[in-house]
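Residue numbers (the working numbering): 1 to 301.
Read the structure below first, then the notes.
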C-alpha cells in the first residue's frame with residue numbers, strides 16, 4: 001500500500017483553520033514568522049491536521065498540559081503524556097495519529113529567520129542541526145517555567161511592545177528547552193543500552209543525509225561500525241531493516257520535492273543522488289505504487 005501524501009503544515013494553513021473556526025483571537029497569534037497557540041485554538045489545529053503526514057518548516061515547541069496522544073515524528077512513533085515537551089526542527093515530518101478528548105497544549109512556531117535573529121550566536125547545542133526532534137519529560141518545575149514563558153510571550157505580543165522584547169523571550173524559550181535537553185540527556189545516556197544509542201544516532205543520520213547517501217555503508221562508517229553489525233542492531237531495536245529506514249526517509253524527501261517544487265523529475269533524481277531518472281522512477285514506484293509523474297499529477301486531488 002502506498003504511503004500517505006506529505007503536505008506542508010504552514011503558518012498560513014494554521015491561520016486559515018482558525019479563521020474558519022472563528023476562534024477568539026485572544027487564544028492565538030499568527031504572523032509570517034511566529035505563531036503562538038493555546039487552549040481552544042491549539043486543539044482545533046491538532047484536530048484539523050490529525051492523520052495527515054506533514055512537513056514543518058519552522059522551529060516548533062509544544063507542551064502537553066493535559067490529555068494524551070500518539071504521533072509519528074521523523075519515522076519514530078511516540079506516545080505523548082501530560083508534562084511532555086516536544087521540539088521539532090525545520091524539515092521534520094510528523095503525523096498526529098490520535099488524541100484524547102481532553103487534550104490541552106501550549107505551542108509556538110518560529111520561522112528560521114526569526115529564530116536566528118533572536119538567538120544570534122547563542123543557539124543551544126540541541127538546535128545546532130544534529131537532531132531533527134527532541135522529546136523531553138521535565139519535572140513539574142521545568143514544565144511550569146516553560147509554560148509560563150510561552151504564556152508570557154502570548155501576552156507580550158498582544159500588547160504594544162518593543163520587538164527586542166519578543167526576540168529576547170523567544171531566545172529564552174529555546175534556551176530553556178536546550179537546558180532541559182542537556183539535563184535529560186545526561187540522565188538518560190547512563191541508562192540507555194548501547195543498542196538504543198546506536199539506533200537513535202542512526203535515525204538522526206538518516207534524516208540528515210538520506211538524500212545523498214542511500215546505503216548502510218555510509219551510516220555504518222559514520223558510527224564506526226561494520227554494516228553487518230549496524231544492520232543487526234537496527235533490526236533488533238526496531239523490527240525494521242536499516243535499508244527500509246533509509247528508503248522511507250528517501251521517498252519522503254522525493255514526495256516533498258515532487259509536490260512542493262516545480263523541478264523536473266530528472267532534476268529531482270539528480271538532487272537525490274540517483275544514477276539516472278529511470279532508476280529513480282523504479283525506486284519510487286516500488287515504494288509508493290506510483291511513478292513520480294503519476295504522484296505529482298494526483299498529489300493535490
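C-beta: ideal position from N, C-alpha, C; glycine also.
Contiguous beta strand (DSSP E) elements confined to the segment 81-146 occur at 85-88, 93-99, 104-110, 133-136, taking only those with 3 or more residues.
Taking a C-beta distance under 9 Å as the contact criterion, residue 169 and residue 179 do not qualify as a contact pair. In terms of Cβ geometry, residue 59 and residue 107 do not form a close pair [threshold 9 Å]. When the five nearest sequence neighbours on each side are left out, the beta carbons in the same chain lying within less than 6 Å of the beta carbon of residue 66 are those of 82, 102, 104, in order along the chain.
In this structure, the alpha-carbon of residue 142 lies about 46 Å from that of residue 274. Annotation: residue 149 to residue 92 spans about 24 Å, alpha carbon to alpha carbon. Counting only the Cα atoms, residue 248 lies some 26 Å from residue 109. Take the alpha-carbon of residue 222 and the one of residue 239: they are about 22 Å apart. Contact check for residue 119 and residue 202: beta-carbon distance about 28 Å, past the 8 Å limit, so the pair fails to qualify. According to DSSP, residue pairing for residue 54 in a beta bridge involves 7, 94.
Of the residues 17, 287, 121, 6, the one whose Cα lies closest to the Cα of residue 57 is 6. Secondary structure of residue 236 (DSSP, three-state): helix.
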